[in-house]
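Take a look at the structure set out below.
Numbering (the UniProt record's numbering), first residue to last: 1 to 459.
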């Protein structure tokens with residue numbers, strides 16, 4: 001299950017006064033699951049035990065559940081349980097003829113360590129979930145499974161009224177998920193059977209009959225979390241089931257396979273752009289630049305009008321870096337407050353793009369290596385200004401720096417996102433020098449073209 005997660009998915013680093021935890025995106029396997037889960041809290045009855053399903057088994061169970069409707073199973077054990085359940089009273093130390101099984105659970109409440117109420121409420125979630133998800137069953141509390149004798153537990157009648165109310169509250173609060181139109185509640189019957197000794201009531205047996213549920217019952221919300229904004233939130237049962245049933249549904253929207261490639265027209269409006277490109281891109285390490293008018297559009301997100309273009313730099317021995325160039329605005333010139341607000345807004349926006357890009361690489365393209373994305377946002381005004389540089393805020397572990405293999409795998413994955421795999425490798429080199437001489441130092445770059453628009457630059 002998840003025990004291997006710290007080694008495979010987590011890295012740790014202390015940097016100055018901070019302790020960072022780096023989390024690799026979860027890669028669903030062929031059976032599922034779609035997300036990492038500590039506990040599913042989804043139970044089934046297997047032989048005489050209530051067993052929590054592992055995430056992969058839970059996915060298979062949930063997918064098979066819509067077609068598993070049918071009548072509750074009838075067998076000898078169920079008939080014997082029903083016979084005892086229908087009794088008006090029981091004799092102290094009377095023997096019963098069934099044992100723990102797929103459809104029967106018997107428990108004896110300890111007299112000192114825990115009260116009957118606590119014991120019953122402790123057993124209910126797992127047992128009800130297991131019975132409801134199998135073929136129904138009976139829970140008897142007050143029966144000794146070792147000696148096969150009826151013992152019961154002591155209680156006042158007024159206590160039993162309160163206990164029955166607590167049982168109802170506990171069962172009806174159990175999380176459920178539905179695949180049917182009826183959306184029924186959990187069906188159960190609870191009763192307290194008197195236990196007689198020497199002609200008087202000396203104790204009670206709590207008997208609960210649980211019917212087979214139409215869909216799935218959980219003992220509690222699944223123990224699985226996700227990051228939303230700056231908060232860590234627990235998935236609700238419905239969210240967890242939806243993500244598990246569709247392991248590829250990691251990001252909203254859909255991947256756009258044929259994005260609009262970068263055109264040169266927007267650049268002609270900005271004086272000094274040639275020098276900016278030389279300054280910003282000319283000093284980069286040898287590698288590949290993947291240029292797009294907007295990575296947001298490529299990933300199915302909403303475009304920011306202020307952004308002129310996005311450049312993704314891939315280089316061996318470096319971190320994957322997203323360079324963002326923002327259009328100048330006369331209203332912002334010299335106003336550090338407004339520029340600060342713009343920087344903060346774009347910082348949050350591109351953090352989401354970086355996260356979505358990671359998710360897409362993992363889930364849509366099958367990229368398996370650990371990946372960190374540095375975001376650098378540059379404002380193009382009369383004076384260029386760095387609005388944000390995440391590399392100044394955080395350092396990544398060495399394992400996140402790109403190897404030769406990681407570079408090749410990334411190029412293939414990014415080409416798949418952009419819908420132009422062959423452009424990385426087989427497009428012929430064109431007359432790019434005259435086309436780009438106004439903007440780039442032509443001796444340092446190789447530019448690939450497709451349909452007369454710039455798509456990729458290889459340094």
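Ideal Cβ positions, reconstructed from N, Cα and C, are used throughout, including at glycine.
Reference residue i, options the options, closest by Cα
| i | options | result |
| --- | --- | --- |
| residue 86 | 396, 207, 389 and 337 | 207 |
| residue 377 | 349, 234 and 403 | 349 |
| residue 91 | 168, 118 and 198 | 198 |
| residue 156 | 134, 149 and 204 | 204 |
| residue 379 | 336, 358, 372 and 413 | 336 |
| residue 76 | 58, 55, 100 and 392 | 100 |
| residue 48 | 107, 11, 195 and 83 | 107 |
| residue 302 | 185, 386 and 346 | 346 |
| residue 391 | 368, 241 and 323 | 323 |
| residue 236 | 174, 360 and 188 | 174 |
| residue 148 | 95, 159, 116 and 118 | 95 |
| residue 382 | 330, 64, 196 and 22 | 330 |
| residue 306 | 143, 132 and 328 | 328 |
| residue 135 | 219, 144 and 46 | 46 |
| residue 84 | 367, 227, 399 and 194 | 194 |
| residue 212 | 191, 110 and 102 | 102 |
| residue 219 | 245, 133, 154 and 150 | 133 |
Limits of the unbroken beta strand (DSSP E) element including residue i
| i | result |
| --- | --- |
| residue 378 | 373-380 |
| residue 234 | 231-234 |
| residue 50 | 49-52 |
| residue 60 | Run containing residue 60: none in the beta strand (DSSP E); it sits in the alpha helix (DSSP H), 55-64. |
| residue 190 | 188-197 |
| residue 15 | 10-15 |
| residue 202 | 200-210 |
| residue 310 | 307-314 |
| residue 228 | 225-228 |
| residue 105 | 104-107 |
Residues near residue i in its chain [Cβ-Cβ closer than 6 Å; skip 5 each side]
| i | result |
| --- | --- |
| residue 105 | 127 and 139 |
| residue 316 | 402, 404 and 407 |
| residue 15 | 395 |
| residue 178 | 215 |
| residue 468 | Any answer about residue 468 is impossible in this case: the structure gives the chain only from 1 up to 459. |
| residue 225 | 232 and 234 |
| residue 58 | 40 and 42 |
| residue 20 | 13 |
| residue 387 | 343, 377 and 379 |
| residue 465 | An answer regarding residue 465 cannot be provided, because it is not within the stretch 1 to 459 covered by the chain. |
| residue 184 | 214 |
| residue 201 | 194 |
Whole-angstrom C-beta distance between residue j and residue i, which should lie under 8 Å
| i | j | result |
| --- | --- | --- |
| residue 217 | residue 161 | That belief does not hold up - the Cβ atoms of residue 217 and residue 161 are roughly 26 Å apart, past 8 Å. |
| residue 290 | residue 308 | Not quite, the Cβ-Cβ distance comes to about 16 Å (not below 8 Å), so this is no contact. |
| residue 355 | residue 299 | The pair is not a contact, with the Cβ atoms about 10 Å apart (cut-off 8 Å). |
| residue 365 | residue 416 | 5 Å |
| residue 171 | residue 186 | 6 Å |
| residue 190 | residue 164 | 6 Å |
DSSP state of residue i mapped onto helix, strand, coil
| i | result |
| --- | --- |
| residue 285 | coil |
| residue 384 | strand |
| residue 240 | helix |
| residue 149 | strand |
| residue 299 | coil |
| residue 327 | strand |
| residue 98 | coil |
| residue 19 | strand |
| residue 44 | strand |
| residue 117 | helix |
| residue 218 | strand |
| residue 91 | strand |
| residue 123 | helix |
| residue 394 | coil |
| residue 177 | strand |
| residue 332 | coil |
| residue 144 | strand |
| residue 37 | coil |
| residue 319 | coil |
| residue 246 | coil |
Residues near residue i by beta carbon distance below 7 Å, same chain, minus five either side
| i | result |
| --- | --- |
| residue 50 | 43, 126, 127 and 130 |
| residue 422 | Note that residue 422 scores a pLDDT of 38, beneath 50, so its modelled location is shaky; the value from the coordinates is reported in the next line. Nothing meets the Cβ criterion. |
| residue 18 | none |
| residue 269 | No answer about residue 269 holds up, because its pLDDT of 49 lies below 50 and its placement is not dependable. |
Segment limits, alpha helix (DSSP H) that includes residue i
| i | result |
| --- | --- |
| residue 139 | Note, residue 139: premise wrong, no alpha helix (DSSP H); beta strand (DSSP E) at 137-141. |
| residue 171 | 157-172 |
| residue 80 | 76-85 |
| residue 489 | The question about residue 489 has no answer, for the chain in this structure spans 1 to 459. |
Own chain partners of residue i with C-beta closer than 8 Å, once the 5 adjacent residues on each side are dropped
| i | result |
| --- | --- |
| residue 53 | 40, 42, 43, 44 and 61 |
| residue 320 | 312, 313, 314, 371, 372, 373, 374, 402 and 410 |
| residue 66 | 179, 180 and 215 |
| residue 10 | 21, 22, 23 and 24 |
| residue 97 | 80 and 148 |
| residue 188 | 128, 171, 208, 209, 210 and 211 |
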